[in-house]
Amino acid sequence: MTSEKSPHPETGQSAAEDANHTPRFGILFSWRMAVTLLCLLGGTASMLGRVVTSFAVLCMVREEGADNDTSPVDGGQVTGEFAWSKQYQGVVLSAYFYGYVAALVIGGWVADRFPSHKVAICSAVLQCVPMLLIPEATRAYSWAIIVLRVLQGIAASAYYPSFNVILRNWSASGEWTLLFSIAWSGGYLGSASAFLVSSRLCQLQWDGGWPTAFYFSALVVALWTVLACLFLTESPQDHRFASYAEKKYLASQPHMQATNNTKIQPVSLWTLLCNLQVWIIMLSYFVTSWFFASLNITLPMFMKEGFDFDISQNGFVSALPSIAMCIMMIVGGNLCHYLHVEKGISTTNTRKISAAAGLFIPAACMAVVINLPVSQRVLGVILISLAQGMSSIVIGSGPVSGAADIAPQYIGLIWGLASSFGNTTGFLSPLIATAMTPNGTLQEWCYFFIISIVLMVLLCLLILWKWESQVQPFACAEKLERRQKSYRHADTIVALEEVN
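Our numbering runs 456 ahead of the 1-based position in the sequence shown.
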């Protein structure tokens, strides 16, 4: 069995060796930090376009029993143009994920085989088009929003995989976790921005208010596209503004040199699906994505129907959990890095600690929330924010990021498989939520969130029992093959000696 003190999968050597033999080039004001922040903004822009629909639907649909085509908003009125049932609203909310999940593996394949920065830019442009078309197309045909959201999801499928390739090329030894956590937090920042911005845009008088949420999202993605065309490249060597010293420093990194000399052996999908550690990664992604989707996609409805928040308050309090995730993603990742590097806690135990904190604490918080009376809305918001913030630790330093531990040469494949499986929650969550809350009562919402509590507790117990941060047999196939050839060669020599 491989020791947990084996060389880092990215560098091929220990952190101590990196520090002793690799010249340092500061990261704070470097171009690799600028590229990381650009990826953060890209994630923010993409997530803004994804989540904005979950809020805009509240403004698009007129309430049952409301006069004419209006819905109450913070003591005023917003135009509600569509008489959609809760079931149809659930389909609208989940449509994005039908396209996203279906094309995610293909998107990862494209990001691996074509210049990743160009893939990201093309993905951004293709995401803009559906967002610009949704308002008028939906007014003409109510089903158009479903089709356009599916197309938007397909366009976004290559977005995050391309960022992973870019960050891999721009990160120095020991910097991957830091750069990854910063860039990944952009998605949560985008989710928070969607809640904050949409609540204000829906109250505008121009064109009914709600279309401006889609136009604004498209504008943000377009602005990011301009920045990406100017400053984003797949590798430091192609960047026109990066200094020669930084390019030389990054080119000298062991993991960059090893990439060109490593041949990845094919592994079957069946082999991955028969591995327990791969399933733990997939289940971890599924449960954390379920919890994220349950709160971010359905939270506007939950806060409005369960805690009786008007839409102005709704936008602010709905953003708090995503803000907490953005912060805890970075803080939690660095804390676990400290426990592992400075305190000497093994990788296995570090990931188990992360899982316990990121699953048990949110489950406990949600158990309290569903038993709170409506009058305790402030405490409910605080607990929901804490729960979602803590759950991000599972992503940043729990088993979700553990593919590098069990099969470093198959990180992309395992990540794509887990992401495809996990993102099915994007369309399952709103469909189940709308089916379980036909009357929108607090008791109905409590039953819905019990699903998250049970899933998190069961997953945490499984991780504490079975997770191991050790290279799996399928990732050692090449070594085993060489060893078997050596044994056969030795047996042949022995046989010849016996004959002689």
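All C-beta atoms in this analysis are idealised placements derived from N, C-alpha and C, irrespective of residue type, glycine included.
Keep in mind that this is a model prediction, so the values were computed, not measured.
### Query
When we look at the beta-carbon of W680 and count the other beta-carbons within 10 Å, is it buried (16 or more) or exposed?
buried
### Task
Mind checking who V517 pairs with in its DSSP beta bridge?
F538
### Task
Compute the beta-carbon to beta-carbon distance between I562 and S613, rounded to the nearest angstrom, for a pair I have assumed lies under 8 Å.
7 Å
### Task
Look at the alpha carbon of Y544 and the alpha carbon of S885, and state the distance between them as a whole number of angstroms.
14 Å
### Query
How close, in whole Å, do the beta carbons of V548 and R605 come, if the pair is a contact with beta carbons under 8 Å?
7 Å
### Query
Residues in its own chain within less than 7 Å of R639 by CB, not counting five upstream and five downstream?
Here residue 639 is Ala; the residue named in the question, Arg, does not match the sequence. Here the set comprises T492, C495, L496, G499, F619, L623.
### Task
Return helix, strand or coil for D530, following the three-state DSSP convention.
Per-residue confidence for D530 stands at a pLDDT of 43, beneath the threshold of 50, marking its modelled position as unreliable; no derived number is given.
### Message
On the CB-based measure, 16 or more other CB atoms within 10 Å of its CB, does G800 come out buried or exposed?
### Response
exposed
#### Entry: Where the alpha helix (DSSP H) through K704 begins and ends
700 to 707
#### Entry: Beta carbon of T890 nearer than 7 Å to that of K542
yes
### Selection from I610, V850, S908 that minimises the alpha carbon distance to M781
V850
### Query
Alpha carbon to alpha carbon, how far is V653 from L645?
12 Å
### Task
Alpha carbon to alpha carbon, how far is F670 from I590? Give it in angstroms, no decimals.
7 Å
#### Entry: Rounded separation between A775 and G872 - CA only
28 Å
### Message
Buried or exposed for D861, going by 16 or more other Cβ atoms inside 10 Å?
### Response
buried
### Spatial neighbours of E924 in its chain, beta-carbon cut-off 7 Å, leaving aside the 5 residues before and after
Q733, T804
### Task
Compute the Euclidean distance between the alpha carbons of S651 and F930, then round it to the nearest angstrom.
The sequence as given places Phe at residue 651; Ser does not occur at that position. Spanning the two alpha carbons is a distance of roughly 44 Å.
#### Entry: Identity of the residue in C821, K922, L918 nearest V837 by Cα
C821
### Supposed contact pair A823 and I909 - C-beta distance, whole angstroms, cut 8 Å
6 Å
### Query
Which residues in the same chain have their Cβ closer than 6 Å to the Cβ of S598, if we skip the five residues on either side of it in sequence?
none
### Query
Taking Cβ to Cβ, would you say S857 is nearer than 7 Å to P777?
no
### Task
Give the single residue among Q844, N731, A859, L920 whose Cα lies nearest to the Cα of A648.
Q844
### Message
Check whether the segment 734 to 751 and the segment 914 to 923 touch, using three or more Cβ-Cβ pairs below 8 Å as the test.
### Response
yes
### Task
Return yes when the Cβ of P692 is within less than 7 Å of the Cβ of K963, no when it is not.
Coverage of the chain is limited to positions 457 through 956, which leaves residue 963 absent and any answer about it impossible.
### Query
So, helix, strand or coil for R696, using DSSP?
coil
### Message
Considering just the uninterrupted stretch of the alpha helix (DSSP H) at W632, what are its terminal residues?
### Response
632 to 657
### Message
Which of the three DSSP states is assigned to S925 in this structure?
### Response
coil
### Query
Under a three-way DSSP split, which group does A628 fall into?
coil
### For R488 and A714, the rounded distance between their alpha carbons
With a pLDDT of 49 at A714, under the threshold of 50, the modelled position of this residue cannot be trusted; read the value that follows with caution. Taking the straight line joining both Cα atoms gives about 20 Å.
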